[in-house]
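**Q** Sequential numbering from 17 applies to the sequence shown in the numbering used here.
Please find one structure pasted underneath; my questions will follow.
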Amino acid sequence: MTTGTETRIGTYEAMFLANQGAAAMFGDLLAHINELFARANANVISMKKWDERRLAYEIDKQKRGVYILAYFTCPTDMVAHLERDVVISEKLLRVLITDASHLSDEEIAAADDRKGLEIEAKMRAEKSDAEGDQASSKVRLGAPVQETAAAADQDMSEDDSDSDED
17 MTTGTETRIG TYEAMFLANQ GAAAMFGDLL AHINELFARA NANVISMKKW DERRLAYEID
77 KQKRGVYILA YFTCPTDMVA HLERDVVISE KLLRVLITDA SHLSDEEIAA ADDRKGLEIE
137 AKMRAEKSDA EGDQASSKVR LGAPVQETAA AADQDMSEDD SDSDED
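Given below as structure tokens:
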């Protein structure tokens, strides 16, 4: 006779709400969510970006948010730990975790868009790098260049040479 307890595994649906600052670094946000799942001993079945929209009311001074929908399996006693980790997180504003045992494996698999998330994260990173390069090319050290005075002097010298030819 054994006295060991068996850990129950449940299937869950989680809707994460991330703030705009975290969404700007989309790859980091996805890595953070996956880290939270790993801490909860969860196995992610599917994940996708659900929407990016204006919030009905401000949450932590944020007016917009990104919703990430995930389906996962996890020990039932670890769900509370996952919720607590989200509350502590600075990148995530809210989470709603519900039981998804009523959905079939095919329905859950149909919601999987992890490849699309990777592509979007890569595109956002490239866009932010391009914007950063563009902004840094506009920064100049030292005294401002006085292009208008130099251009005016050149125009006057051309006008003088034109009048000498007449």
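Using N, Cα and C, we set each Cβ at its ideal position, and we do this for glycine too.
Looking only at DSSP bridge pairs, what is Glu68 linked to?
**A** Its beta-bridge partners are Val82.
**Q** Bridge partners for Leu52 per DSSP, in chain order?
**A** The partner list for Leu52 (beta bridge, DSSP) is empty, contrary to what the question assumes.
**Q** Could you give the distance in angstroms between the alpha-carbon of Val206 and the alpha-carbon of Ile135?
**A** Lying outside 17 to 182, the shown extent of the chain, residue 206 is not represented and no answer is given.
**Q** By the three-class DSSP mapping on this structure, what secondary structure does Thr114 have?
**A** In this structure, Thr114 counts as strand in the three-state DSSP scheme.
**Q** Does the distance from the C-beta atom of Ile25 to that of Asp121 stay below 9 Å?
**A** No, Cβ-Cβ distance for Ile25 and Asp121 is not below 9 Å.
**Q** Between the alpha carbons of Tyr28 and Asp145, how many angstroms are there, rounded?
**A** Using only the alpha carbons, I get a separation of about 36 Å.
**Q** Apart from the five residues on each side of it in sequence, which residues of its chain come closer than 8 Å, Cβ to Cβ, to Asp182?
**A** Residue confidence is low: Asp182 scores 48 on pLDDT, short of 50, so the model does not pin down where it sits. Its coordinate-derived value is still stated next. Correct list: empty, nothing qualifies.
**Q** Have a look at the DSSP bridge pairing and note the partners of Tyr87.
**A** Note: Tyr87 sits in a beta bridge opposite Glu29, Ser62.
**Q** Beta carbon of Phe42, beta carbon of Ala141: below 9 Å?
**A** Against a cut-off of 9 Å, the Cβ pair of Ala141 and Phe42 comes out as a contact.
**Q** Nearest-angstrom Cα distance between Met17 and Thr23?
**A** Reliability of the predicted coordinates at Met17 is poor, the pLDDT of 46 falling under 50, and no value is obtained from them.
**Q** Rounded to whole angstroms, what is the Cα-Cα separation between Ala34 and Asp76?
**A** Whole-angstrom Cα-Cα distance: 11 Å.
**Q** Around the Cβ of Met139, are there at least 16 other Cβ atoms within 10 angstroms (buried) or fewer (exposed)?
**A** Exposed is the call here.
**Q** Are there 16 or more other CB atoms within 10 angstroms of the CB of Gly81, so buried, or fewer, so exposed?
**A** Its Cβ being crowded by 16 or more others within 10 Å, Gly81 is buried.
**Q** Kindly indicate the opening and closing residues of the alpha helix (DSSP H) around Leu119.
**A** Looking at the DSSP string, Leu119 is not in any alpha helix (DSSP H), and its letter there is neither H nor E.
**Q** Would you call the region 94-113 and the region 49-66 touching, i.e. three or more CB-CB distances under 8 Å?
**A** Yes, since at least three Cβ pairs between the region 94-113 and the region 49-66 fall closer than 8 Å, the two stretches touch.
**Q** Whose C-beta lies closer than 6 Å to the C-beta of Ser117 among residues of the same chain, with five residues either side of it excluded?
**A** Cβ neighbours of Ser117 beyond the five flanking positions: Thr27.
**Q** Going by DSSP, what residues sit across from Ala34 in a beta bridge?
**A** Note: Ala34 sits in a beta bridge opposite Val82, Leu108.
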